[in-house]
């Protein structure tokens with residue numbers, strides 16, 4: 035599911051009605067401002083010389099004649115009568131060059147100051163009054179000055195105005211492919227014509243510059259936004275659409291074909307920009323509607339590519355026809371896209387999509403007028419699409435911005451919800467960890483009790499058992515100091531238990547010293563019961579073990595030898611402890627009566643304690659017993675980093 039669609043479903047169509055109302059009010063204000071601009075444009079367009087009942091002079095005759103590119107004087111022959119506005123492409127098809135327009139008028143005696151206005155001349159030209167130059171464009175040969183959309187206003191110098199007949203000559207340089215000709219010309223009162231010129235200049239230049247500034251700003255802004263949010267394809271296509279339209283509209287204000295070497299190359303690029311604009315517009319509408327149409331999109335860009343390649347490949351003589359075909363193709367793409375979009379928003383569209391749809395209808399009206407003017411159905415050269423496009427561009431940009439802001443608000447609310455969820459999860463985790471801590475504390479206490487029970491059994495228990503056995507087998511009462519000796523042994527075992535509790539803090543100890551102390555106490559018990567016990571210690575001089583590991587090892591030895599005294603009825607026992615590399619090997623054997631190893635599990639705590647200690651030592655404990663004796667083997671690894679003294 036697309037991100038925007040998820041947000042729509044998650045939060046409703048408009049989560050903040052007040053936010054949308056604010057955007058709606060801005061949109062209405064913007065429409066009002068653009069409507070004022072349109073009214074000004076309409077007023078400028080409606081102020082034609084035909085509407086001026088006073089203050090203008092009528093031309094008695096208007097004629098036109100052809101000449102070559104480099105002619106500096108009007109031809110003597112070839113003049114034909116024409117009416118203004120005039121386009122010579124139909125009269126002289128395929129003619130590229132210069133056409134002279136001769137306008138004759140009568141000045142009354144004591145004529146007041148006069149001025150002249152030209153709606154346009156296409157492409158470049160010069161203006162003469164009674165043979166004297168009044169105005170001239172920079173370049174009258176290719177590359178021609180692109181003054182085709184520029185109105186002109188000049189005061190007529192009083193010395194040049196003759197009483198009676200006067201001749202105004204316009205030298206127009208143009209190319210047949212680009213609707214060459216001369217627009218309406220008016221001679222009359224300077225103040226009246228200055229007002230007409232100001233309105234025309236506002237429509238043809240100032241309004242276009244405003245349009246270009248808005249288009250470029252929106253295009254660059256959303257292009258930057260798309261670079262930061264690549265997933266928002268609508269932003270990218272809107273920027274492509276805006277920048278392509280900027281190139282199309284720039285055609286109406288530029289006065290040079292730069293960066294191209296000729297006007298033919300410029301017009302080719304302008305037509306390509308128009309077809310690219312239509313394709314980008316269609317892609318924007320599709321993405322803005324949160325749709326993907328792979329087949330139609332491939333077909334669309336196939337048409338755009340073919341049109342662009344055709345515009346680049348056709349010869350100069352076919353440029354006019356190809357431009358018209360591309361303009362019709364672009365209009366067709368635009369019309370089909372608008373129709374499909376209107377149908378879509380009518381059925382299931384959101385409010386912002388409906389606003390965009392209405393703005394495209396307004397632009398389509400201006401575009402239809404311009405298309406009819408471009409192909410010659412309407413007479414004139416005033417184009418409204420660049421102005422009408424602002425209503426479309428700004429409304430689209432406003433709706434995109436509104437969606438962006440709304441998405442940000444949803445993300446902010448999501449972050450707030452996420453923070454609340456994190457806080458709740460942290461509280462729950464704290465409770466869980468608290469319970470876990472309490473359980474671990476309880477488990478640690480239980481483990482300590484079990485360990486203490488094992489220590490009491492293996493330590494004090496063994497000592498007490500040995501003392502009892504000694505007293506039972508003594509042939510005569512023990513000497514007076516024996517009771518004190520037994521108490522000291524119990525004290526020593528108790529000290530071992532206490533030391534084990536703090537063994538981690540005390541660090542390591544020498545294994546040989548601990549084993550010797552244990553051997554001394556156990557040997558005395560064996561001697562008292564008449565059991566021979568032989569000890570073999572190898573490689574223990576430099577061996578050091580942490581307190582807990584050393585204690586576990588000694589308890590295994592103590593428990594095994596205590597069992598020999600208690601149960602085996604052995605006459606001799608042997609203990610061998612040696613180091614082999616990084617392991618310790620403990621072997622305890624006796625020649626007693628043995629026992630059934632299968633009954634170890636249900637036996638007493640001693641055997642279970644030995645196995646538990648072997649597991650803590652990460653060693654393996656093997657018990658082999660037969661009627662002629664028992665053999666216990668422990669193999670435990672040594673951690674080199676802590677087991678051996680450096």
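In my numbering, the protein residues as written are 35 to 680.
The beta carbon of each residue, even a glycine, is placed where N, CA and C say it ideally should be.
Here the structure is a predicted model, which is why all the values come from computation and not from measurement.
Inset, instruction - Would you tell me roughly how many angstroms separate the C-alpha atoms of residue 659 and residue 650, rounded to the nearest one? - result: Whole-angstrom Cα-Cα distance: 24 Å.
Legend entry - residue 670 classed as buried or exposed, judged by whether at least 16 other C-beta atoms fall within 10 angstroms: Buried.
Inset, instruction - Measuring alpha carbon to alpha carbon, tell me which of 475, 470, 483, 524 ends up nearest residue 494. - result: For residue 494, the nearest C-alpha among the options comes from 524.
Legend entry - residue 331, enclosing beta strand (DSSP E) - first and last residue: Taken as a continuous stretch (DSSP letters only), residue 331 belongs to no beta strand (DSSP E), being part of the alpha helix (DSSP H) at 328–347.
Inset, instruction - Give me the Cα-Cα distance between residue 575 and residue 547, rounded to the nearest whole angstrom. - result: Looking at the two C-alpha atoms, the distance is approximately 9 Å.
Inset, instruction - Give every residue of the same chain whose Cβ lies closer than 6 Å to the Cβ of residue 551, excluding the five residues on either side of it in the sequence, and list them in chain order. - result: Apart from the 5 residues on each side of it in sequence, residue 551 has no Cβ closer than 6 Å to any other Cβ in its chain.
Legend entry - Distance between residue 588 and residue 498 (C-alpha atoms, nearest Å): Distance between the alpha carbons of residue 498 and residue 588: 17 Å.
Legend entry - Rounded straight-line distance, which links the Cα of residue 449 to that of residue 647: Here the C-alpha atom of residue 647 lies approximately 53 Å from the C-alpha atom of residue 449.
Legend entry - Boundaries (first-last residue) of the beta strand (DSSP E) holding residue 621: Looking at the DSSP string, the run of the beta strand (DSSP E) that includes residue 621 is 617–624.
Inset, instruction - Grab me the residues of residue 594's own chain with a C-beta within less than 8 Å of its C-beta, minus the 5 sequence neighbours each way, in chain order. - result: The residues are 622, 644, 666.
Inset, instruction - Tell me whether the beta-carbon of residue 394 lies closer than 7 Å to the beta-carbon of residue 372. - result: With respect to residue 372, residue 394 sits close: the two C-beta atoms are nearer than 7 Å.
Inset, instruction - Pick out whichever of 90, 109, 105 has its Cα sitting closest to the Cα of residue 99. - result: Taking only the C-alpha atoms, the option nearest residue 99 is 109.
Legend entry - Contact under 7 Å by Cβ, residue 289 with residue 111: Cβ atoms of residue 289 and residue 111: not closer than 7 Å.
Legend entry - Proximity winner among 148, 375, 549, 503, relative to residue 573 (alpha-carbon distances): Here the closest residue by C-alpha is 549.
Inset, instruction - With a 10 Å radius around its C-beta and 16 neighbouring C-beta atoms as the bar for buried, classify residue 437 as buried or exposed. - result: Around the beta carbon of residue 437, a 10 Å sphere encloses 16 or more other beta carbons of the protein chains shown; the residue is thus reported as buried.
Inset, instruction - Name the two residues that bound the continuous beta strand (DSSP E) containing residue 96. - result: First-last of the beta strand (DSSP E) with residue 96: 93–101.
Legend entry - Bridge-paired residues (DSSP) for residue 135: The partner list for residue 135 (beta bridge, DSSP) reads 98, 204.
Legend entry - Minimum C-alpha distance to residue 320 - residue among 299, 370, 283, 163: Of 299, 370, 283, 163, the residue nearest in Cα terms is 370.
Legend entry - Reduced DSSP category for residue 468 - H, G, I as helix; E, B as strand; rest coil: Under the three-state reduction of DSSP, residue 468 is assigned to helix.
Legend entry - Enclosing beta strand (DSSP E) for residue 319 [first to last residue]: No beta strand (DSSP E) contains residue 319, which is instead part of the alpha helix (DSSP H) from 297–322.
Inset, instruction - Look up residue 597 in the DSSP assignment and say whether it is helix, strand or coil. - result: DSSP places residue 597 in helix when its eight states are reduced to three.
Inset, instruction - Run through the segment 176–248 for me and flag every whole alpha helix (DSSP H) of 4 or more residues, listed as ranges in chain order. - result: Scanning the segment 176–248 from its first residue to its last, the whole alpha helix (DSSP H) runs of 4-plus residues come out as 224–235.
Inset, instruction - Take residue 291 as the anchor and find which of 258, 247, 177, 204 has the nearest alpha-carbon. - result: When only C-alpha atoms are compared, the closest one is 177.
Inset, instruction - Using only alpha-carbon positions, find the residue among 294, 482, 325, 663 that is nearest to residue 379. - result: Of 294, 482, 325, 663, the residue nearest in Cα terms is 325.
Legend entry - For residue 495, three-class secondary structure by DSSP: Residue 495 falls in the helix class under three-state DSSP.
Inset, instruction - Compare the Cα-Cα distances from residue 553 to each of 171, 563, 609 and report the closest residue. - result: If we check each option's Cα against that of residue 553, 609 comes out closest.
Inset, instruction - Say whether the segment 252–260 touches the segment 156–168, bearing in mind that this needs 3 or more beta-carbon pairs closer than 8 Å, one atom from each stretch. - result: No, the segment 252–260 is not in contact with the segment 156–168.
Inset, instruction - Compare the beta carbon distance of residue 592 and residue 566 with 7 Å and say whether it is the shorter of the two. - result: Contact: no.
Inset, instruction - For residue 659, write down the residues that DSSP places opposite it in a beta bridge. - result: Residue 659 is bridged to 664.
Inset, instruction - Starting from residue 150, follow the beta strand (DSSP E) in both directions and report where the run begins and ends. - result: Unbroken beta strand (DSSP E) run through residue 150: 148–152.
Inset, instruction - State whether the segment 264–273 contacts the segment 294–304, with contact taken as three or more CB pairs (one from each stretch) at a distance under 8 Å. - result: By the criterion of at least three beta-carbon pairs nearer than 8 Å, the segment 264–273 is not in contact with the segment 294–304.
Legend entry - Which residues DSSP lists as bridging residue 586, in chain order: Residue 586 is not bridged by DSSP to any residue.
Legend entry - Contact under 7 Å by Cβ, residue 309 with residue 364: Annotated as proximal: residue 309 and residue 364, with beta-carbon spacing under 7 Å.
Inset, instruction - On the DSSP bridge assignment, give the partners of residue 671 in chain order. - result: In DSSP, residue 671 forms a bridge with 617.
Inset, instruction - Given a cut-off of 7 Å, decide if residue 134 and residue 205 are closer than it, judged by their beta-carbon atoms. - result: Between residue 205 and residue 134, the C-beta spacing is below 7 Å.
Inset, instruction - Can you say whether residue 266 is buried or exposed, counting buried as having 16 or more other CB atoms within 10 angstroms of its CB? - result: It counts as buried.
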